[in-house]
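**Student:** Residue 195 in the working numbering sits at position 203 of the sequence shown, and the numbers go up by one each step.
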Amino acid sequence: MSETAVLLYSILADIVPTMLYVGIIDWVDRYEKEPWWLLAAAFLWGAVPAILISFVLNSLLSVPLLQVLGDELGQAAAPSLIGPPVEESIKSIALVAIFIFWRSEIDSPLDGVIYGAMVGMGFAMVENVYYFVATFNQGGVEAWGVNILLRAVVFGLNHALFSSFAGLGIAIARLATDQRIKIGLPLLGWGTAVFLHFLHNFTVTLGNGFFFAALFFDWGGVLLVLCIIVWAVLQERCWLRQYLAEEVALGTLTVSQFTTASSGRKRVAYLFNTFRRKGFRANRQVAHFLLQCSHLAYTKHHWKLFQYEKSAQEIAALRQEI
């Protein structure tokens, strides 16, 4: 194959599983979809600036390590000692920016996981293409195919896994009232991301004999995140049922509207039936109505935690709109 063909096939082999994973990540956000433009911005930060900055810093910081350990040992150690803290720090810049400038979009721990995972998927997509092409040039078609299977499928969620913990720490801090948690959880989330990244790079560096160790740590982490996602979705459902039930008594919602808005399954069914019977525009109107119901519940939760005057004003405006 020509170099152009290798590049194109590598991009295709990377984009397909990446888009599948991105779709799954977006799907788990059942009750309040994050703004598409902010998700895209998080993804693009991981795909372009984070990759470029990490490449430069990894190269610069590896120089003293090579001088101390020698070329062979230094090149083996750099991916474990330099890569994880550098890459997770650069990826986390986007998450910190969301917390500072768009913190109103972080309504629950699940939001932090989703934003972190999007940054990680962007980073992984571009990094994978680089390694696919390099592997083909060094080992040919067979090594190229194996590398695609490992990086895009078997370990395809790794970067999303790592940065999701950084996002989770920031999201929990956003909703915390204890100052120690506000400071400690982002650091703990970042530290967890770095540690999991280190475990993966270290076990892979040790060779094929440690493949199952890498598989255990990585997929164990993925299963842990899945458990956190399930817990976060159930927590969001509890908030909806608690705070929207009050709106039935106030006359903001009917019982039927409350029942639909507080159930992920009934939301999907109602949206599908609306689209089938009344078309796209009616479907979008219902989706907006359900989104505002979620906003109302989450804003009431924020009011309960912090008693911000802005939250009280938003509650009144949302009730009026609904």
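Backbone N, C-alpha and C fix where the C-beta goes; we use that ideal spot for every residue, glycine too.
Let me make sure I understand the geometry here. Which of GLU238, GLU134, PRO101 and MET117 has the alpha-carbon closest to that of SER156?
**Tutor:** PRO101
**Student:** For the structure I just gave you, are there three or more beta carbon pairs, one from the region 35 to 54 and one from the region 295 to 307, closer than 8 Å?
**Tutor:** no
**Student:** Can you round the beta-carbon distance between TRP231 and ALA163 to whole angstroms, since I take them to be within the 8 Å contact cut?
**Tutor:** About 14 Å; that fails the 8 Å criterion.
**Student:** Could you give the distance in angstroms between the alpha-carbon of TRP19 and the alpha-carbon of GLY114?
**Tutor:** Approximately 17 Å between the Cα atoms of the pair.
**Student:** For a test of the three-state rule: what should DSSP assign to ARG259, helix, strand or coil?
**Tutor:** helix
**Student:** Determine the closest residue to LEU282 out of GLU301, LEU245 and ASP170, with distance taken between C-alpha atoms.
**Tutor:** LEU245
**Student:** Between which two residues does the alpha helix (DSSP H) holding VAL105 run?
**Tutor:** Boundaries of the alpha helix (DSSP H) harbouring VAL105: 101 to 140, taken from the DSSP string.
**Student:** Excluding sequence positions up to five away, which residues of its chain have a Cβ less than 8 Å from the Cβ of ILE3?
**Tutor:** VAL121
**Student:** Quick one: Cα of ALA274 to Cα of GLY243, how far?
**Tutor:** 23 Å
**Student:** Report back the beta-carbon spacing between VAL111 and LEU87 to the nearest angstrom; my notes put them in contact at under 8 Å.
**Tutor:** 7 Å
**Student:** For ALA331, which of helix, strand or coil comes out of DSSP?
**Tutor:** This structure cannot speak to residue 331, because the chain is shown only from -7 to 314.
**Student:** Going by the beta-carbon positions, is the gap between SER286 and TYR23 smaller than 8 Å?
**Tutor:** yes
**Student:** Specify the secondary structure class of SER2 as computed by DSSP and reduced to three states.
**Tutor:** Residue state, collapsed to three classes: helix.
**Student:** Going by C-alpha to C-alpha distance, which of TRP211, TYR235, ASP99 and GLN59 sits closest to VAL145?
**Tutor:** TRP211
**Student:** Alpha carbon to alpha carbon, how far is SER266 from ASP21?
**Tutor:** Before going further, note that residue 266 is Thr rather than Ser in the sequence given. Those two C-alpha atoms are separated by around 20 Å.
**Student:** Which stretch, first to last residue, makes up the alpha helix (DSSP H) that contains VAL214?
**Tutor:** 203 to 242
**Student:** Starting from PHE194, trace the alpha helix (DSSP H) both ways and give me its first and last residue.
**Tutor:** 171 to 197
**Student:** Does the separation of the CB atoms of THR(-4) and SER72 fall below 8 Å?
**Tutor:** no
**Student:** Secondary structure at SER(-6), three-state DSSP: helix, strand or coil?
**Tutor:** coil
**Student:** By Cβ distance below 6 Å, which residues in the same chain neighbour ALA34 in space, the five residues on each side in sequence not counted?
**Tutor:** ALA86, TYR107, MET110 and VAL111
**Student:** What residue does the alpha helix (DSSP H) around SER273 start on, and which one ends it?
**Tutor:** The sequence as given places Arg at residue 273; Ser does not occur at that position. Start and end: 272 to 298.
**Student:** Per DSSP, what kind of secondary structure is PRO27 in: helix, strand or coil?
**Tutor:** Correct three-state label for PRO27: coil.
**Student:** How big is the Cα-Cα spacing for VAL105 and PHE202?
**Tutor:** 28 Å
**Student:** Alpha carbon to alpha carbon, what distance is there between ARG233 and ALA5?
**Tutor:** Looking at the backbone, the Cα of ALA5 and that of ARG233 are separated by about 43 Å.
**Student:** Tell me whether the beta-carbon of VAL78 lies closer than 8 Å to the beta-carbon of LEU53.
**Tutor:** yes
**Student:** Can you tell me which of the three DSSP states ALA70 falls into?
**Tutor:** DSSP places ALA70 in the helix class (H, G or I) of the three-state scheme.
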